[in-house]
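Asks: One structure coming up, written as structure tokens, with questions to follow.
Protein chains: 2
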Amino acid sequence: MSTKLFYLRAVLNKKMEKQRFPFGMIIGRMMHEMGRVFKKRANEQAEIKIPNEQFALLYAISLKEDDVIQKDMAEVMRKDKSGILRLIDSLEEKELISRVADTKDRRKNCLMVTKKGKEVIEQYLKLMSELMEQLQQGLTASEMNTFYKVADHIKSNAEKL
Amino acid sequence: MSTKLFYLRAVLNKKMEKQRFPFGMIIGRMMHEMGRVFKKRANEQAEIKIPNEQFALLYAISLKEDDVIQKDMAEVMRKDKSGILRLIDSLEEKELISRVADTKDRRKNCLMVTKKGKEVIEQYLKLMSELMEQLQQGLTASEMNTFYKVADHIKSNAEKL
DNA sequence: AAATAATTGTTGCATATGTCAACTAAATTG
DNA sequence: CAATTTAGTTGACATATGCAACAATTATTT
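Order-wise, the sequence lines are chains A and B. Residue numbers -1 to 159, in the working numbering, belong to the letters of the first sequence in order. Residue numbers -1 to 159, in the working numbering, belong to the letters of the second sequence in order.
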């Protein structure tokens, strides 16, 4: 077989492979598996269990330094404000955050992470980093860095569309 | 500043960075953005629009060669059988698949992708590959390969836990 | 063969999430 | 002051996930 033909076949195979398992589905599978294991561990080990979306919001609130209001979080999380509202309802019910009416603009609620909320964040971050430690077994730091770079790049490209 | 202290700070910073944006959340953001754009395009361009989970199942069914039954799909997709059942209800309602009672074992339903279903798969795969073409802009083939490798590796590691 | 167990699919229920539209209260603008 | 905009809230509806109980069918055991 000519080297050229060999090369073409390799390209074709690769193409077919990607066709067979599209990008989104490959990453989807990975996320699905990670989510499954993480949920399992959180159920076993965490004192207070909250769904992933709720944790993502709780953590995002804790990262913002200045006054946090619901509208901003909706933008940050790229969700509808009513969705954010219900996530906040759930978090407040569990006493992980609290709404404090803004004194200057009474339309606004300032969101504060409670002490209990901070503890939950600590626990979840610890669980996450322990899990990642295991999941990265067999991969080099360089590979992981490339992975992060690609993920960030794709996200940025997608944000423009 | 001593070199040792400098080194320690660098390590700490790295740690904090990862702490600040845990792996799952980085990939989650990427998936979220991709999902958003894909959904938008599917709404604009696809004749028949179906949610991502339904497509994932439809496609997974089409990939299986031998007789496909619901229980197997539940295993493949790692979901509860009742969830699969409802996804199948939705797909059947849209006439993308059909349930055919197994003649040998009347407990089983064989799942068949209809012609319409195959067309939907074609359209969605095309949309996906067009989108990925754009999202990969600025990344090298080598980086993408590493990305796939890492994703697959992490998925495999997670499956064992 | 009859009783028992296991398998496959189904249903009900609870929770979570996403999106849209209408609405209230408060602030801003002309 | 009247009209508009903004922030938050609520209701309605669609999608998705997981658990437990159940029915029908098949397989196994006695």
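Note that beta-carbon positions come from the ideal geometry of N, C-alpha and C, so glycine has one too.
#1: Give me the chain A residues within the contact set of B/P20, using Cβ-Cβ distance strictly less than 9 Å, ordered along the chain.
#2: Answer yes or no: do A/K106 and A/I82 have a C-beta to C-beta separation smaller than 7 Å?
#3: So, does the segment 81 to 97 of chain A touch the segment 125 to 143 of chain B, judging by three or more C-beta pairs under 8 Å?
#4: Between which two residues does the alpha helix (DSSP H) carrying B/Y89 extend?
#5: Confirm, please, whether the CB-CB distance from A/A149 to B/I24 is below 7 Å.
#6: Given that a residue counts as buried once 16 or more other Cβ atoms are within 10 Å of its Cβ, and exposed if not, what is B/L129?
#7: Short check: CB of A/Q52 to CB of A/L109, under 7 Å?
#8: Taking the alpha carbon of A/E73 as the reference point, which residue from A/L55, A/Q132 and A/E63 has its own alpha carbon closest?
#9: From B/F145, B/D70 and B/I48, pick the residue whose C-alpha is nearest to that of A/S140; which is it?
#10: On the DSSP letters alone, give me the boundaries of the beta strand (DSSP E) that B/R97 sits inside.
#11: Starting from A/L109 and walking both ways along the alpha helix (DSSP H), at which residues does that stretch end?
#12: Please compile the residues from chain A whose C-beta is within a distance smaller than 8 Å of the C-beta of B/G136.
#13: Please work out which residues of its chain come closer than 6 Å, Cβ to Cβ, to A/Q121, disregarding the five sequence neighbours upstream and downstream, and give them in chain order.
#14: With a threshold of 16 other CB atoms inside 10 Å of the CB of B/G22, please say whether the residue is buried or exposed.
#15: When you compare only the Cα positions, how much space is there between B/M71 and A/R34?
#16: Please state whether the Cβ-Cβ distance between B/A156 and A/L137 is less than 7 Å.
Replies: With the structure as the only source:
#1: Y57, Y122, L123, M126, S127 and M130
#2: no
#3: no
#4: Per the sequence shown, residue 89 of chain B should be read as Leu rather than Tyr. First-last of the alpha helix (DSSP H) with B/L89: K79 to E91.
#5: yes
#6: buried
#7: no
#8: A/L55
#9: B/F145
#10: I95 to A99
#11: That residue, A/L109, is in no alpha helix (DSSP H); its beta strand (DSSP E) goes N107 to V111.
#12: H151 and N155
#13: A44
#14: buried
#15: 17 Å
#16: no
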